[in-house]
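Student:
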Amino acid sequence: MLRQVLSSSSRALRSAPRLAAAGKPLLRPQFQSAVPSPLAARAAQPSVARWYSEAKETPAEGDKDKPEATKEEGGDADALSELKKTLETKETEAKEWKDKCMRTVADFRNLQDRTAREVKTARDFAIQKFAKDLVESVDNLDRALTTVPADKLDAAVNQDLVNLYDGLKMTESILLQTLAKHGLERLDPEGEKFNPNEHEATFMAPQPDKENNTVFHIQQKGFKLNGRVLRAAKVGVVKNS
1 MLRQVLSSSS
11 RALRSAPRLA
21 AAGKPLLRPQ
31 FQSAVPSPLA
41 ARAAQPSVAR
51 WYSEAKETPA
61 EGDKDKPEAT
71 KEEGGDADAL
81 SELKKTLETK
91 ETEAKEWKDK
101 CMRTVADFRN
111 LQDRTAREVK
121 TARDFAIQKF
131 AKDLVESVDN
141 LDRALTTVPA
151 DKLDAAVNQD
161 LVNLYDGLKM
171 TESILLQTLA
181 KHGLERLDPE
191 GEKFNPNEHE
201 ATFMAPQPDK
211 ENNTVFHIQQ
221 KGFKLNGRVL
231 RAAKVGVVKN
241 S
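Just so you know, the UniProt record's numbering puts 229 at position 229 of the sequence shown, and the rest follows in order with no gaps.
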């Protein structure tokens, strides 16, 4: 543009002498308006410089997208951290519920086992009171048999006594067998070592031919119901000085 202005001004200057020679006056106002002054040319230059400066300062499209991408990355990081926190919270809750569930199952199994034991105990010892009353009858039969001397049990002399003795002996045997079917058994610890869990020592006496703490006399026989001592046997124990 500046070159076009300068070329037009130079052509006007070259044509000015021709017009003067022909007697035609020069039109200064038109010439002055056609030829720009150096100040006007200088004033036009900064606009072009400013246009280049504005073009340089204008950010590129990629630079415009960077802040948006940074914001998106920041938002993704925040969302990821929130998801991690939520996941950790859910995992903690799952562990707590799993622990509670396992404890509940263990408690329920313990309750089942305890209930089964209680039911078994109630079934096994349901006749405990009846058995305590019944052992007195067994003791009476045993006393009746022990009171008969052995020398009197001669069929040729005392046939009736022998028959009575045999009948009582059979009755006692059948009764003990019946009681054993229901878990009741009699203890006869003569000759055994003294057991404080099953025996009750009523007296102690020296016996040279026997070892210490040996049961040598049965004062009253004991009974057990399903492995539990129903009545301890009252015995005499050896104690040699």
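The beta-carbon is built from N, C-alpha and C at its ideal position, and this holds for glycine as well. Quick caveat, the model's predicted, so the values are computed rather than measured.
Using 8 angstroms as the cut-off, can you tell me whether the segment 226-238 makes contact with the segment 209-218, which would need three or more C-beta pairs spanning the two stretches below that distance?
Tutor: Cβ pair count under 8 angstroms is three or more, so yes.
Student: Since residue 223 contacts residue 135 with CB under 8 angstroms, what's their CB separation in whole angstroms?
Tutor: That pair is a contact at about 5 angstroms.
Student: DSSP three-state label for residue 211, please.
Tutor: Three-state DSSP puts residue 211 in coil, outside helix and strand.
Student: Under 8 angstroms Cβ to Cβ from residue 195, same chain only, skipping five residues before and after it: list those, please.
Tutor: Counting only Cβ-Cβ distances below 8 angstroms, and skipping sequence neighbours, we find 189.
Student: Any chance the segment 144-161 sits against the segment 193-207, with 3 or more Cβ pairs inside 8 angstroms?
Tutor: No, they do not touch.
Student: From this set, 75, 202, 185 and 76, which residue's C-alpha is nearest residue 132's C-alpha?
Tutor: It is 185.
Student: Is any heavy atom in the ligand COA found nearer than 6 angstroms to the beta carbon of residue 164?
Tutor: The ligand COA is absent from the structure shown, which contains no ligands of any kind.
Student: Do you know offhand how far residue 99's Cα is from residue 117's?
Tutor: Their backbone Cα atoms lie some 27 angstroms apart in a straight line.
Student: Tell me the start and end of each unbroken alpha helix (DSSP H) in the segment 90-161 that is at least 4 residues and wholly inside, in chain order.
Tutor: You should have 128-146.
Student: What is the rounded straight-line gap between the Cα of residue 208 and the Cα of residue 240?
Tutor: Approximately 7 angstroms between the Cα atoms of the pair.
Student: DSSP three-state label for residue 198, please.
Tutor: Coil, per DSSP.
Student: Could you give the distance in angstroms between the alpha-carbon of residue 182 and the alpha-carbon of residue 92?
Tutor: So the two alpha carbons sit approximately 55 angstroms from each other.
Student: What residue range does the beta strand (DSSP E) around residue 234 cover?
Tutor: Element bounds for residue 234: 233-238.
Student: Going by beta carbon distance, what residues of the same chain come within less than 6 angstroms of residue 111, once the five residues before and after it are set aside?
Tutor: Cβ neighbours of residue 111 beyond the five flanking positions: none.
Student: Evaluate residue 187 with the Cβ neighbour count: other Cβ atoms within 10 Å of its Cβ, from every protein chain shown; 16 or more gives buried, anything less gives exposed.
Tutor: The residue in question, residue 187, is buried, as its Cβ has 16 or more Cβ neighbours within 10 Å.
Student: Cα separation between residue 138 and residue 172?
Tutor: So the two alpha carbons sit approximately 7 angstroms from each other.
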